[in-house]
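*Asks:* Top line first, the protein sequences correspond to chains R and Z. Quick note on numbering: the first sequence equals residues 10 to 461 in the numbering used here. Quick note on numbering: the second sequence equals residues 503 to 983 in the numbering used here. The beta carbon of each residue, even a glycine, is placed where N, CA and C say it ideally should be.
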Amino acid sequence: MNIIIAGCGKIGSTLLRNLVAEGHNVTAIDDNPAVIEELNNIYDVIGVCGNGTDCDTLAEAGVSEAELFVATTDSDEKNMLACFLAKCMKAGHTIARIRNPDYNDESLGFMRQQLGLANSLNPERLTAEELFNILKLPSAVKIETFSQRNFEMVELLLREDSALLGMSLWQLRKKFPARYLIGCVMRGEEVIIPDGNFELKAGDRIGLYAAPHEVQKLLKMLGLLQKQARSVMLLGASKIAYYLTQALLASGNRVTVIDKNPARCAEFAEAMPKATVICGDGASQELLLESGLAHTDAFVALTGMDEENILISIFAESQNVPKVICKANRPEMATLAQKMGLDSLVSPRDTVANILVRYARALENSMGSSVETLYKVMDGKAEALEFFVREDFSHTNIPLKDLKLKDNVLLTGILRSRKAIIPSGDDVLMAGDRVVVMTTGHRFQDLSDILR
Amino acid sequence: MNRRMIFSVVGKMVTAEAGLLILPLATAVLYGESCAWAILQTMLLALVLGQTMVLLSRPKSRVIYAREGFCITALAWIFMSAVGALPFVISGEIPHFIDAFFETVSGFTTTGASILNDVEAMSHGLLLWRSFTHWVGGMGILVFVTALLPSVSDRTIHILRAEMPGPIVGKIVPKAKDTAMILYKIYLGMTAVMVVLLLLGGMSLFESLIHTFGAAGTGGFSSRATSIASYSPYCQWVITIFMLLFGINFNLYYLLLIRRFRSVLQSTELWTYLAIVVVAIALICANIRDLYSTFAETLRYASFQVSTIITTTGYATTDFNLWPGFSKGILLLLMFVGACAGSTAGGLKVSRVVIMAKNVGRQLRQLVHPRSVTAVKFEGKTLDDQTAHGVGVYLSVYLFCFVAIVLLLCLEDMSFTTHFSAAAACFNNIGPGFDLVGPASNYDCYSYFSKFVLSIGMLLGRLEIYPLLIALYPGTWRKKS
Chain R
10 MNIIIAGCGK IGSTLLRNLV AEGHNVTAID DNPAVIEELN NIYDVIGVCG
60 NGTDCDTLAE AGVSEAELFV ATTDSDEKNM LACFLAKCMK AGHTIARIRN
110 PDYNDESLGF MRQQLGLANS LNPERLTAEE LFNILKLPSA VKIETFSQRN
160 FEMVELLLRE DSALLGMSLW QLRKKFPARY LIGCVMRGEE VIIPDGNFEL
210 KAGDRIGLYA APHEVQKLLK MLGLLQKQAR SVMLLGASKI AYYLTQALLA
260 SGNRVTVIDK NPARCAEFAE AMPKATVICG DGASQELLLE SGLAHTDAFV
310 ALTGMDEENI LISIFAESQN VPKVICKANR PEMATLAQKM GLDSLVSPRD
360 TVANILVRYA RALENSMGSS VETLYKVMDG KAEALEFFVR EDFSHTNIPL
410 KDLKLKDNVL LTGILRSRKA IIPSGDDVLM AGDRVVVMTT GHRFQDLSDI
460 LR
Chain Z
503 MNRRMIFSVV GKMVTAEAGL LILPLATAVL YGESCAWAIL QTMLLALVLG
553 QTMVLLSRPK SRVIYAREGF CITALAWIFM SAVGALPFVI SGEIPHFIDA
603 FFETVSGFTT TGASILNDVE AMSHGLLLWR SFTHWVGGMG ILVFVTALLP
653 SVSDRTIHIL RAEMPGPIVG KIVPKAKDTA MILYKIYLGM TAVMVVLLLL
703 GGMSLFESLI HTFGAAGTGG FSSRATSIAS YSPYCQWVIT IFMLLFGINF
753 NLYYLLLIRR FRSVLQSTEL WTYLAIVVVA IALICANIRD LYSTFAETLR
803 YASFQVSTII TTTGYATTDF NLWPGFSKGI LLLLMFVGAC AGSTAGGLKV
853 SRVVIMAKNV GRQLRQLVHP RSVTAVKFEG KTLDDQTAHG VGVYLSVYLF
903 CFVAIVLLLC LEDMSFTTHF SAAAACFNNI GPGFDLVGPA SNYDCYSYFS
953 KFVLSIGMLL GRLEIYPLLI ALYPGTWRKK S
């Protein structure tokens, strides 16, 4: 598929990397020659140096041939204009990054319609949603939902004191009979799709796959449930903090926000009168303790600096805050932070890239490949693919235990006429089902590809 | 330095060469010639050597940078030339390896300089191989393999950049593989048209293939000792025009195909190239009008010689050694100019000459108005300082290499014109020079040492110097950087 990305900053270049890896024909537009040069050297893309809101530049990038146009420059207005022009010049779908809260209210729908936008991206809001989900279920490192929220995969870290250590998966199944699956396990840097003989160890990050309404019950049974956060402390009065506070306050939490910029604090306090806003340097441990860090249920570091976030999060962990979440934009920083013991990391870039890759997949699907949706899980090291079982699929009505699947492939969910099934060996596939397949290291185009 | 990746790619290239040898093998079998065995043996050898390299160096990481790109290119060309020389040696048609190496390098680099005293005694299979190397080398061996094989690395652009000539190498579509594919499709299409036109002119299929390969790659190997002179004026005109066409940047043909005519018409390089050709033809016509009886004949000889030299092909329809000094002077200048960047031709390239001229203009203006701020524009865009500066540096490196080659040749006792023109003709990938290496004679007069020097010169010229220099520079290979 031909994709144009206008504006290749942090979000833009992460998108670009993910879309190139998906095998798309990507054209990058940026007004900084150095950025274009760099992208040209690293990725198999073509770069056009120029202004994304200039018709000549857009024409040079071949906008009329593009099925997808994404504008991710630093300015919302530029993005809107670029998308509008691209649409006028016969681009297929256009997506603009619009992150100013002023635009992200009821007027957004009207604006999207008028500009012909297929979608708008608000990385801050998306990240806030992700953070909110984690805070709702603090034992999880991350939560992903699949198939219109019919399945959920909760990423959990097995701590030293977990009762599950040393158990193999079939022992686990025997001891706790319920509808769930362990879809993938991250051990060190490697992601494994486990089979029945796989033994759990301390430090493993497991992907527990179940229906959303059963997750709480399941975690309780497995002894992994942590109580929901009631008071949350946020560091940095950023846009993410704004959206997150909004959601947290709405669900009855107490929120404390710390920022060192007085103007921003004033602005924040004005917008969120119910939140406690503290103006001060979050890097000062004294201030954090004074603000009640030791008694808070959860701490989220959201400043603009990855390094600061990581260090302060480590301090919060040392104060026995039950749940610490750290925002880290750069992937290499996230890896380092994980080594230093922080398990919950959120990256706005990856969140957005994930959503866009999913969008591109869906778009492409309407033109060929039969992957309905693609989800990247476990830091992008494993993929969950959603397929539609067509009439002509040759292996319907055969118990799953008799299907010969390729290595590193697991069928984790079947959606049959709105009923979510976590499959066991006796379940069968039927035409009209939607299935979710967990995999590492493969690139499937069709459901029959998963068979040996 | 990702050495495993370098040798893995080079191994794949050598394996691919076995595939390329199928065409001459088929020809040899068709004509029932004994050189088929030599070709078959070479194919097996290439397969074994290539696969051994691939198996021994399984890359741990597929990430390559610019220097790996340079090294891959340099080594691939050297290995492929060495292996490509084997059929000549094994069949005994060119017994000495250095001779055969010279001939093959001359083929792949699309030089067209030969050491053969009697071309017509060669077997058809090997003649075809010799010319086929032109065709493959013209657009680039690695470009060819990039087009065919599944993507070697995400960063194939480094390889393409190292192999494709010109100061600025860009892709025409986002994927390197697709770009290579499009270029080869255009190349193949034009080749096919030319073969048909030559067949219509009464050439046999074998000869039209040989001469099309020679013109398409702007190489210049012929199957006859008299080159193109013995063919009809129609064939001479077809070859003249196609040589000029193959000297144009292939990106422009793509723009034509996608109907962006305005961009083609606005190309500074294209117009400069055509202007140089027309002016050179006019000047030579005026200079040699007394040598030939009719104007048509004069024009035909002048345009053929101009296009063969500026596109660095090296065919000949007449011995221009016998022309007056002024015409020879123009031809010698054209040798250095070369054709457009992104074409199959050698030489400095018109775009570099244009940029250099503009740089000179800028410098002069700056001397008059020391505080003036100026920008050099090329193809409608402002050139960044690095490119503008790079062209100047390239010229210096180019001159150093050229002087070194001339100096090494001068160890032999021949006229200076011979040495100078031999170095120019090989370094710019043209073929024939003046005096003892003129169009009517060949390079057999040189010793093995000089032939080796000239072979290296040809490789330097084709790869635009840097890849070979970087591959030879010990610092590149050092483990700890």
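Output the boundary residues of the beta strand (DSSP E) element that contains R/M242.
*Replies:* As a first step, residue 242 of chain R must be located in the first sequence, where it is residue number 233. From DSSP, the beta strand (DSSP E) with R/M242 extends over 240-244.
*Asks:* Between which two residues does the beta strand (DSSP E) containing Z/H921 stretch?
*Replies:* Translated into positions along the second sequence, residue 921 of chain Z becomes position 419. Looking at the DSSP string, Z/H921 is not in any beta strand (DSSP E); the run it does join, the alpha helix (DSSP H), is 918-929.
*Asks:* Measure how close the beta-carbons of Z/C912 and Z/G959 come, nearest whole angstrom, since I'm counting them as under 8 Å.
*Replies:* As a first step, residue 912 of chain Z is located in the second sequence; it is residue number 410 there, counting from the start. As a first step, residue 959 of chain Z is located in the second sequence; it is residue number 457 there, counting from the start. Wrong, their Cβ atoms sit about 14 Å apart, outside the cutoff.
*Asks:* In whole angstroms, what is the alpha-carbon distance linking R/T470 and R/L94?
*Replies:* Residue 470 of chain R cannot be examined here, being either before or after the span of chain R that is shown, 10 to 461.
*Asks:* If you run the structure through DSSP and keep just helix, strand and coil, what is R/H451?
*Replies:* The residue given as residue 451 of chain R occupies position 442 in the first sequence. Correct three-state label for R/H451: coil.
*Asks:* Mind checking if Z/P969 is an interface residue toward chain R, Cβ cutoff 8 Å exclusive?
*Replies:* Translated into positions along the second sequence, residue 969 of chain Z becomes position 467. It does not; no Cβ of chain R falls within 8 Å.
*Asks:* Within its chain, find whatever has a CB closer than 7 Å to the CB of R/S116; leave out the 5 residues flanking it on each side and keep chain order.
*Replies:* As a position in the first sequence, residue 116 of chain R is number 107, starting the count at 1. Excluding the 5 residues flanking it on each side, R/S116 has no same chain C-beta neighbour closer than 7 Å.
*Asks:* Need the endpoints of the alpha helix (DSSP H) that Z/Y567 sits in, please.
*Replies:* Numbered from 1 along the second sequence, position 65 holds the residue referred to as residue 567 of chain Z. In the DSSP annotation of this structure, Z/Y567 is not part of any alpha helix (DSSP H), being labelled neither H nor E.
*Asks:* Are the CB atoms of Z/I688 and Z/F752 nearer to each other than 8 Å?
*Replies:* To locate residue 688 of chain Z, count along the second sequence from 1; it is residue 186. To locate residue 752 of chain Z, count along the second sequence from 1; it is residue 250. Yes.
*Asks:* Please report how far the alpha carbon of R/M439 lies from the alpha carbon of R/L412, in whole angstroms.
*Replies:* Along the first sequence, read from residue 1 onward, the residue named residue 439 of chain R stands at position 430. Along the first sequence, read from residue 1 onward, the residue named residue 412 of chain R stands at position 403. Approximately 13 Å, taken between the alpha carbons.
*Asks:* Name the chain R residues that come within less than 7 Å of Z/K673, Cβ to Cβ?
*Replies:* Within the second sequence, the letter at position 171 stands for residue 673 of chain Z. Per Cβ cutoff of 7 Å: I55.
*Asks:* From R/G450 to Z/N944, what distance separates their C-alpha atoms?
*Replies:* As a position in the first sequence, residue 450 of chain R is number 441, starting the count at 1. As a position in the second sequence, residue 944 of chain Z is number 442, starting the count at 1. R/G450 and Z/N944 have their C-alpha atoms spaced approximately 57 Å apart.
*Asks:* With a threshold of 8 Å on Cβ separation, who are the neighbours of Z/L527 within its own chain once the five nearest residues in sequence on each side are excluded?
*Replies:* For the purposes of this step, residue 527 of chain Z is taken as the residue at position 25 of the second sequence. The residues are A538, I541, L542, M545, G627.
*Asks:* How is the alpha helix (DSSP H) around R/C92 delimited, first residue to last?
*Replies:* By 1-based counting over the first sequence, the position of residue 92 of chain R is 83. Element bounds for R/C92: 85-97.
*Asks:* Determine, using beta carbons only, whether R/L126 and R/L365 come nearer to each other than 8 Å.
*Replies:* Locating residue 126 of chain R in the first sequence gives position 117, where the first residue counts as 1. Locating residue 365 of chain R in the first sequence gives position 356, where the first residue counts as 1. No; because the gap between Cβ atoms is not below 8 Å, this pair is not in contact.
*Asks:* For a contact meaning CB atoms closer than 7 Å, what does R/N109 contact in chain Z?
*Replies:* Position 100 of the first sequence, counting from 1, holds the residue named residue 109 of chain R. Near R/N109 there are no residues of chain Z at all, since even the closest Cβ is about 31 Å away, more than 7 Å.
*Asks:* Looking at C-alpha atoms only, which residue of R/I431, R/D436, R/R370, R/I45 is the closest neighbour of R/P221?
*Replies:* On the first sequence, position 212 is the one that residue 221 of chain R refers to. When only C-alpha atoms are compared, the closest one is R/I431.
*Asks:* Skipping 5 residues on each side, what residues in its chain have a beta carbon closer than 8 Å to that of Z/V781?
*Replies:* Within the second sequence, residue 781 of chain Z is the residue found at index 279, counting from 1. Within the same chain, Z/V781 has no close Cβ partners at all.
*Asks:* Output, in chain order, the set of chain Z residues within a Cβ distance shorter than 7 Å of R/P42.
*Replies:* Working through the first sequence from its first residue, we reach residue 42 of chain R at position 33. Neighbours of R/P42 on chain Z, chain order: D886.
*Asks:* At a cut of 8 Å, does the stretch 551-561 of chain Z reach the stretch 505-520 of chain Z through at least three beta carbon pairs?
*Replies:* yes
*Asks:* With the cut-off set at 8 Å, would you say Z/M555 and Z/L644 are in Cβ contact?
*Replies:* Residue mapping note: residue 555 of chain Z aligns to position 53 of the second sequence, counting from 1. Residue mapping note: residue 644 of chain Z aligns to position 142 of the second sequence, counting from 1. No. Outside cutoff.
*Asks:* So Z/I659 contacts chain R; which residues on that side make the cut at Cβ distance below 8 Å?
*Replies:* Indexing the second sequence from 1 puts residue 659 of chain Z at position 157. Within chain R, the residues near Z/I659 are N49, N50, D53.
*Asks:* How about the stretch 159-176 of chain R and the stretch 263-278 of chain R: do they share at least three Cβ pairs that are nearer than 8 Å?
*Replies:* no
*Asks:* Going residue by residue through the stretch 248-315 of chain R, where are the continuous beta strand (DSSP E) segments of at least 3 residues, counting only ones entirely within it?
*Replies:* 263-268, 285-288, 307-310
*Asks:* Using alpha carbons as the reference points, say which of R/A70, R/K87, R/N113 lies closest to R/K99.
*Replies:* Numbered from its first residue, the first sequence carries residue 99 of chain R at position 90. Nearest C-alpha to R/K99: R/A70.
*Asks:* Would you mind giving the Cβ-Cβ distance between Z/S805 and Z/I783, rounded to the nearest angstrom? I have them listed as a contact below 8 Å.
*Replies:* The residue given as residue 805 of chain Z occupies position 303 in the second sequence. The residue given as residue 783 of chain Z occupies position 281 in the second sequence. Between Z/I783 and Z/S805 the Cβ distance is about 5 Å, and since that is below 8 Å, they are a contact.
*Asks:* For Z/E519, which residues from the same chain have a beta carbon less than 6 Å from its beta carbon, with the 5 sequence-adjacent residues on both sides left out?
*Replies:* Here residue 519 of chain Z is taken as the residue at index 17 of the second sequence, counted from 1. Contacts found: A548, M582, V585.
*Asks:* Taking the Cβ atom as the reference point for each residue, do R/A307 and R/P331 lie within a distance shorter than 8 Å?
*Replies:* Within the first sequence, residue 307 of chain R is the residue found at index 298, counting from 1. Within the first sequence, residue 331 of chain R is the residue found at index 322, counting from 1. Here R/A307 is near R/P331, since their CB atoms are less than 8 Å apart.
*Asks:* Helix, strand or coil: how does DSSP classify R/Y384 here?
*Replies:* Position 375 of the first sequence, counting from 1, holds the residue named residue 384 of chain R. In the structure shown, R/Y384 sits in a strand (DSSP, three-state: E or B).
*Asks:* By Cβ distance below 7 Å, which residues in the same chain neighbour Z/T742 in space, the five residues on each side in sequence not counted?
*Replies:* Counted from its first residue, the second sequence places residue 742 of chain Z at position 240. Counting only Cβ-Cβ distances below 7 Å, and skipping sequence neighbours, we find S805, F806, S809.
*Asks:* Could you tell me which chain Z residues have their CB closer than 7 Å to the CB of R/V35, listed as they occur along the chain?
*Replies:* Residue mapping note: residue 35 of chain R aligns to position 26 of the first sequence, counting from 1. The answer, in chain order, is P676.
*Asks:* As a quick exercise: from Z/W579, Z/A578, Z/L618, pick the residue whose alpha carbon is nearest that of Z/G594.
*Replies:* Taking the second sequence and counting its residues from 1, one reaches residue 594 of chain Z at position 92. Of the candidates Z/W579, Z/A578, Z/L618, the one whose C-alpha sits nearest the C-alpha of Z/G594 is Z/L618.
*Asks:* Alpha carbons only, please: which of Z/F797, Z/P872, Z/F904 is nearest the one belonging to Z/M837?
*Replies:* The count along the second sequence starts at 1 and reaches residue 837 of chain Z at position 335. Among Z/F797, Z/P872, Z/F904, the Cα nearest to that of Z/M837 is on Z/F904.
*Asks:* Decide if the stretch 196-207 of chain R is in contact with the stretch 241-260 of chain R; the criterion is three or more beta carbon pairs, one per stretch, under 8 Å apart.
*Replies:* Contact between the stretch 196-207 of chain R and the stretch 241-260 of chain R is absent: fewer than three C-beta pairs spanning the two stretches fall below 8 Å.
*Asks:* Less than 8 Å between the beta carbons of R/S300 and R/M387, yes or no?
*Replies:* For the purposes of this step, residue 300 of chain R is taken as the residue at position 291 of the first sequence. For the purposes of this step, residue 387 of chain R is taken as the residue at position 378 of the first sequence. Result no, Cβ atoms of R/S300 and R/M387 do not sit closer than 8 Å.
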